[in-house]
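This report concerns only the one structure given below.
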Amino acid sequence: MKRIAIVGGGLTGPLLAAYLAKRDYEVTVFERNHDPRTTAPQRGKSINITLCTRGFAALERVGVASAVREICVPARGRYIHNADGSYELQPYGNDGEALYSVSRRALNRVLLDHASLSSRVTFRFDAKCVGFDLDAATMTFEDGRTGDRFHATADHVMAADGARSFLRRELQKRDRFNFAQFYSEHGNKELPIPAGSRAEWHKHKNALHIWPRGQYMLIAFPNLDGSFTSTLHLPLEGEVSFDSIHTERDLVKLFETSFPDAYAEMPNVVSDYFANPTIPMVTIRCAPWNHRDKVLLIGDAAHAIWPSYGQGANAGFEDCAILDECLEEQGGDWLAATRAYQERRKPDVEAVADLSEEHFREIRDKVGDPAFLLRKRVERKFNRMYPERYSSLYSLVAFTTTPYAEALRMNQAQNKLVDAVLSLPDIEARLDSSDVERYIHALMTS
Ligand SMILES: Cc1cc2nc3c(=O)[nH]c(=O)nc-3n(C[C@H](O)[C@H](O)[C@H](O)COP(=O)(O)OP(=O)(O)OC[C@H]3O[C@@H](n4cnc5c(N)ncnc54)[C@H](O)[C@@H]3O)c2cc1C
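See below:
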């Protein structure tokens, strides 16, 4: 039986362990942190994430999707809090499509529990990888409780150690390893919104709440207990930025003027703000992801993306399913499978990295913009008339398992159709008229 070491017990690592155990590998997962199932959460580290169709498809294949669904809140659209105090609910689709909001920590615990069901999976917590001999696949770990060092070897090492991967740094020391990182000029910070409010907006639990304000925004994700977890996105430097908020007064002024309805529900915003870390957003692009058959980068270690499209964990989960398919296709030949995996996966993660950067600008600048809203209405119209043949880019990414690069290609063609409809005179008023419907029909059947 071959031995696999997975470094990183975050979101991708435990799911990967479950996949590999099903293929009869003996798997040990090394995680530098304590076991989250037996320790208290770290402050400001419980950021919510949203899962979508492709993430659930990967969870389903190892039988953990229903356990994950139980800890999620479905969000069926965006609830926009405009600067003038008005609200607007933008559904994600015509058929009740939903993103699933979940606490990262709760998700991590369910995935760890699920992987632990297999006798072939062992977890070593408080084990930080501090040394790695690539050719021998030998790792050195430091025990976080005792400070002692120990070594481990494996037939294959999986680097699931996140965006700042230690193992990737070892690959970077080798010739012909390509690496690029791109930081956003924005960062984000978690700020809780407690349950129990009587505010009207607070009752809309099945939506993501967004306060778009041009260069900055607030997003709130619903939790099972009726609370929300909000994330403040601000430029790192500039007039309104993390760098410009020094005092309680600076913070209160920002919230009172930009997010008054959220501020009214955030009694601890000041202490939370100054206690919680500011997290930068980074895109990582690198290749190759493997060193012979000894190590393979996976999840954020291979392709971290800005969190704006809510795809990082979904993509990491999909990585596991696609690697599994490649192992199947290559009859268990590890090197051939990892090469096939990279060839198939690389264009898709490049596409989702581009999409995530673009989408960040879209939700920050455009969701309150009338031209953007009209475009979305036209897209929904196409989808309503031709549900089998037309899906918006967002729907393809979030509500199907269409490969990311393919979704991007399909969208480029569809954009031309939407542009044609938008160029019709007085289209906003006439969108539902029979002559516009005939025009759409002609476009779709020509
Ligand atoms: C603010 C924010 C919002 C996000 N929202 C979404 C969302 O809505 N939807 C979505 O799909 N994705 C989202 N993401 C992205 C998602 O969190 C990541 O893509 C996902 O966590 C990647 O999983 P991973 O296992 O590859 O890395 P991680 O989850 O980062 O796990 C890496 C693990 O490796 C461990 N580790 C690191 N170094 C070592 C070492 N030397 N030795 C041992 N262990 C080590 C870490 O402790 C960690 O547990 C968001 C990210 C952020 C920052």
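Its first residue numbered -17, the sequence shown is counted upward by one per residue in the numbering used here. We treat Cβ as the ideally placed atom computed from N, Cα and C, and that holds for glycine.
- Rounded to whole angstroms, residue 143 and residue -9 show a C-alpha spacing of 8 Å.
- By the neighbour-count criterion, in which a residue is buried when 16 or more other Cβ atoms sit within 10 angstroms of its Cβ, residue 258 is buried.
- Going by C-alpha positions, residue 409 is about 21 Å away from residue 369.
- In the three-state reduction of the DSSP assignment, residue 328 falls in the helix class, which pools H, G and I.
- Boundaries of the beta strand (DSSP E) harbouring residue 200: 198 to 204, taken from the DSSP string.
- Within 10 angstroms of the beta-carbon of residue 107 lie 16 or more other beta-carbons, which makes it buried.
- Annotation for residue 415: no residue places its beta carbon closer than 7 Å to its own, counting only its chain and skipping 5 residues before and after.
- The alpha carbon of residue 281 has as its nearest neighbour, out of 263, -11 and 316, the alpha carbon of -11.
- Beyond the five residues adjoining it in sequence on each side, residue 316 comes within less than 7 Å, by CB distance, of 138 and 275 in the same chain, given in chain order.
- The stretch 393 to 403 makes no contact with the stretch 92 to 104: fewer than 3 CB pairs, one atom from each, lie closer than 8 Å.
- Judged by DSSP in its simplified three-state form, residue 369 adopts coil rather than helix or strand.
- Between residue 135 and residue 118, the C-beta gap is smaller than 9 Å, which places the two residues in contact.
- The count of Cβ pairs closer than 8 Å, one atom from the stretch 281 to 300 and one from the stretch 322 to 338, reaches three, so the stretches are in contact.
- A Cβ-Cβ contact shorter than 9 Å links residue 29 with residue 213.
- Counting only the Cα atoms, residue 211 lies some 12 Å from residue 254.
- Note on geometry: alpha-carbon atoms of residue 234 and residue 385 lie some 43 Å from one another.
- Residue 147 has its Cβ nearer than 8 Å to a heavy atom of ligand 1.
- Residue 172 sits in a strand when the DSSP states are folded into three classes.
- The alpha-carbon separation between residue 131 and residue 0 amounts to approximately 27 Å.
- Sequence-distant partners of residue 4 (beyond 5 residues in either direction) whose C-beta falls short of 6 Å from its own C-beta are missing from its chain.
- Counting only unbroken stretches of 3 or more residues, the beta strand (DSSP E) elements lying wholly within the stretch 228 to 270 are 261 to 269, in sequence order.
- Taking one beta carbon from each stretch, the stretch 300 to 309 and the stretch 350 to 358 have fewer than 3 pairs nearer than 8 Å; the two do not touch.
- Counting only the Cα atoms, residue 72 lies some 30 Å from residue 285.
- Scanning the stretch 31 to 65 for uninterrupted beta strand (DSSP E) segments of 3 residues or longer gives 55 to 57 and 59 to 63, listed from N- to C-terminal end.
- Here residue 260 really is in contact with residue 169; their C-beta atoms are around 5 Å apart, less than 8 Å.
- Nearest to residue 172 by alpha-carbon distance, out of 59, 248 and 178, is 248.
- Leaving aside the five residues that flank residue 358 on each side, the residues in its chain whose CB is nearer than 7 Å to its CB run, in chain order, 72.
- The residues 265, in chain order, have a CB closer than 6 Å to that of residue 164 in the same chain once the five nearest residues on each side in sequence are set aside.
- A direct Cα-Cα distance of roughly 41 Å separates residue 47 from residue 222.
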